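J.: Got a structure for you, written out below as structure tokens; questions coming shortly.
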Ligand code: CP
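In the numbering used here, the protein residues as written are 4 to 329.
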């Protein structure tokens with residue numbers, strides 16, 4: 004997949020957002036700054052801005068979603084775009100219409116942007132390769148490959164809430180814990196953290212849940228949670244993706260929780276200003292003890308809120324600037 008080059012136009016501007024891989028530090032920071040500005044401008048009673056008035060955004064979610072789909076919809080509406088949520092199960096894809104024909108049919112209705120989630124790694128890339136000139140594709144999660152807006156909102160959350168991040172990402176220690184093997188979030192977060200200069204990125208999981216060769220992404224692998232969490236500033240818990248586990252990856256969920264779950268005891272041993280994140284949805288009592296989920300220093304719900312501003316920033320960066328530069 005040649006996603007990094009496909010997502011930038013000939014002038015180096017963002018055309019599609021398919022992966023965090025290949026996004027420059029400057030571009031990531033510009034998107035985070037823009038998201039902060041948009042969050043400010045829409046924090047009052049009037050939440051709408053006219054930036055994308057007259058534009059049409061189509062949500063194509065071939066896989067289930069609560070947070071990503073609704074925050075993309077809210078983000079587009081707050082920028083005054085028209086939004087279509089194609090109900091995939093009730094659409095002509097159920098009669099065998101292909102992805103390509105679905106794209107071309109919606110393009111014929113003059114859609115400007117497609118937000119695509121699909122179980123196949125590379126699906127968003129496929130859409131981007133076939134998109135008409137002027138049409139943009141945003142990857143809302145493709146298989147195990149990438150979830151770039153989650154990566155961006157996680158960087159936003161760390162920058163906003165981890166005290167040490169005020170000095171930049173260079174001095175941060177971040178542990179990504181759990182089902183790294185199946186996680187597109189882990190890959191997007193690792194690329195984001197690396198690009199922003201984070202020098203201590205740890206992945207912590209039992210051996211079957213660590214993908215082969217992950218060290219080449221610049222991370223250290225831990226199979227012991229206590230050692231993996233020692234001294235970290237940020238803990239990113241990952242959902243155990245039971246739906247993608249075709250084989251027997253784990254003896255049991257209870258055993259995973261006992262060895263790799265964030266319990267009250269383990270929470271007490273974290274640094275006093277460490278923050279806890281999780282992209283959601285949570286398996287309560289598996290990745291995290293239920294009562295810690297929305298407790299002290301958990302940013303799980305703030306991540307959801309930040310997702311709106313970050314997705315607004317991405318849409319404004321692509322459609323807003325394309326308009327300005329047209
Ligand atoms: N974090 C995330 O992608 O959640 P949803 O599956 O609910 O969109």
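Cβ coordinates follow ideal geometry from the N, Cα and C atoms, glycine included.
Quick caveat: nothing in here was measured; it's all calculated off a predicted structure.
Between which two residues does the beta strand (DSSP E) holding residue 145 run?
T.: Position 142 of the chain shown holds residue 145. Looking at the DSSP string, the run of the beta strand (DSSP E) that includes residue 145 is 139-145.
J.: Could you have a look at residue 240 and say whether DSSP puts it in helix, strand or coil?
T.: Here the question's residue 240 lines up with position 237 in the chain shown. Strand, per DSSP.
J.: Who's in the neighbourhood of the ligand CP, going by beta-carbon under 7 Å from any heavy atom, listed in chain order?
T.: That gives 67, 68, 69, 70, 71, 72, 144, 150, 153, 188, 282, 283 and 284.
J.: Could you compute how far the alpha carbon of residue 287 sits from the alpha carbon of residue 163?
T.: On the chain shown, residue 287 is found 284 positions in, with the first residue counted as 1. On the chain shown, residue 163 is found 160 positions in, with the first residue counted as 1. Straight-line Cα distance between these residues: approximately 25 Å.
J.: Considering only the alpha carbon of each residue, which of 52, 177, 228 and 187 lies closest to residue 205?
T.: Translated into the one-based positions of the chain shown, residue 205 becomes position 202. Looking at the Cα atoms, 177 is the closest of the given residues.
J.: Based on DSSP bridge pairs, tell me the residues matched to residue 190.
T.: By one-based count along the chain shown, residue 190 stands at place 187. In the DSSP output, where bridge partners are listed per residue, residue 190 has none listed.
J.: Sort 109, 298 and 46 by Cα distance to residue 278 and report the nearest one.
T.: One-based indexing of the chain shown puts residue 278 at position 275. For the residues 109, 298 and 46, the minimum Cα distance to residue 278 belongs to 298.
J.: Within a Cβ cutoff of 6 Å, which residues of the same chain sit near residue 45, ignoring the five residues on either side of it in sequence?
T.: As a first step, residue 45 must be located in the chain shown, where it is residue number 42. Correct list, in chain order: 81.
J.: Consult DSSP for residue 64 and reduce its assignment to one of helix, strand or coil.
T.: Start at 1 with the first residue of the chain shown, and residue 64 comes out as number 61. Of the three classes helix, strand and coil, the one that applies to residue 64 here is strand, per DSSP.
J.: Residue 8 by DSSP, collapsed to three states: which one?
T.: Taking the first residue of the chain shown as position 1, residue 8 is located at position 5. In the structure shown, residue 8 sits in a helix (DSSP, three-state: H, G or I).
J.: Please report how far the alpha carbon of residue 57 lies from the alpha carbon of residue 63, in whole angstroms.
T.: Numbered from 1 along the chain shown, position 54 holds the residue referred to as residue 57. Numbered from 1 along the chain shown, position 60 holds the residue referred to as residue 63. Near 19 Å, if we compare the C-alpha coordinates of residue 63 and residue 57.
J.: Between which two residues does the alpha helix (DSSP H) carrying residue 322 extend?
T.: On the chain shown, position 319 is the one that residue 322 refers to. That residue, residue 322, is in no alpha helix (DSSP H); it is neither H nor E in DSSP.
J.: State the CB to CB distance for the pair residue 180 and residue 240, rounded to an integer number of angstroms; the pair is presumed to be in contact (CB under 8 Å).
T.: Mapped onto the chain shown, residue 180 falls at position 177. Mapped onto the chain shown, residue 240 falls at position 237. Rounded, the Cβ-Cβ distance is 5 Å, consistent with contact.
J.: Could you name each continuous alpha helix (DSSP H) segment of 4 residues or more that falls completely within the stretch 210-241, going from the start of the chain to the end?
T.: Counting only runs of 4 or more, we get 228-232.
J.: If you run the structure through DSSP and keep just helix, strand and coil, what is residue 149?
T.: Position 146 of the chain shown holds residue 149. Correct three-state label for residue 149: strand.
J.: Give me whichever residues DSSP pairs with residue 117 in a beta bridge.
T.: Position 114 of the chain shown holds residue 117. Looking at the DSSP assignment, residue 117 forms a beta bridge with 61 and 140.
J.: Using alpha carbons as the reference points, say which of 197, 97 and 93 lies closest to residue 26.
T.: Within the chain shown, residue 26 is the residue found at index 23, counting from 1. Closest option to residue 26, Cα to Cα, is 197.
J.: Would you report the Cα separation of residue 193 and residue 156, rounded to the nearest angstrom?
T.: Your numbering for residue 193 matches position 190 in the chain shown. Your numbering for residue 156 matches position 153 in the chain shown. Going from the Cα of residue 193 to the Cα of residue 156 covers about 13 Å.
J.: Give me the Cβ distance between residue 152 and residue 20, rounded to the nearest whole Å; I'm assuming they're in contact under 8 Å.
T.: Taking the first residue of the chain shown as position 1, residue 152 is located at position 149. Taking the first residue of the chain shown as position 1, residue 20 is located at position 17. Contact holds; Cβ gap of about 7 Å.
J.: Have a look at 267, 91, 301 and 293 and flag the residue whose alpha-carbon is nearest the alpha-carbon of residue 281.
T.: Your numbering for residue 281 matches position 278 in the chain shown. Cα-wise, what sits closest to residue 281 is 301.
J.: In three-state terms, what does DSSP make of residue 131?
T.: Position 128 of the chain shown, counted from the start, is the residue given in the question as residue 131. If DSSP states are grouped into helix, strand and coil, residue 131 belongs with the helices.
J.: Nearest to residue 201 by CA position, among 223, 208, 88 and 209, is which residue?
T.: Start at 1 with the first residue of the chain shown, and residue 201 comes out as number 198. Here the closest residue by C-alpha is 223.
J.: By Cβ distance, which residues of its chain are closer than 7 Å to residue 329, with the 5 residues on each side in sequence left out?
T.: Translated into the one-based positions of the chain shown, residue 329 becomes position 326. Per-residue confidence for residue 329 stands at a pLDDT of 37, beneath the threshold of 50, marking its modelled position as unreliable; the derived number appears in the next sentence. No residues qualify anywhere along the chain.
J.: Do you know offhand how far residue 271's Cα is from residue 242's?
T.: Reading the chain shown from its first residue, position 268 is the one you call residue 271. Reading the chain shown from its first residue, position 239 is the one you call residue 242. Cα-Cα distance, rounded: 22 Å.
J.: In terms of residues, what are the limits of the beta strand (DSSP E) holding residue 255?
T.: Within the chain shown, numbered from 1, the residue matching residue 255 stands at position 252. Residue 255 -> no beta strand (DSSP E), and no H or E assigned at all.
J.: What residue ranges within the stretch 251-307 form continuous alpha helix (DSSP H) runs of no fewer than 4 residues, ordered along the chain?
T.: 256-263 and 267-271, all fully within the stretch 251-307.
J.: In angstroms with no decimal places, state the Cα-to-Cα distance between residue 304 and residue 97.
T.: Here residue 304 is taken as the residue at index 301 of the chain shown, counted from 1. Here residue 97 is taken as the residue at index 94 of the chain shown, counted from 1. Whole-angstrom Cα-Cα distance: 34 Å.
J.: Should residue 142 go down as buried or exposed, given a rule of 16 or more other Cβ atoms within 10 Å for buried?
T.: On the chain shown, residue 142 is found 139 positions in, with the first residue counted as 1. When all chains shown are included, residue 142 counts as buried.
J.: According to DSSP, is residue 314 part of a helix, a strand, or is it coil?
T.: Reading the chain shown from its first residue, position 311 is the one you call residue 314. If DSSP states are grouped into helix, strand and coil, residue 314 belongs with the helices.
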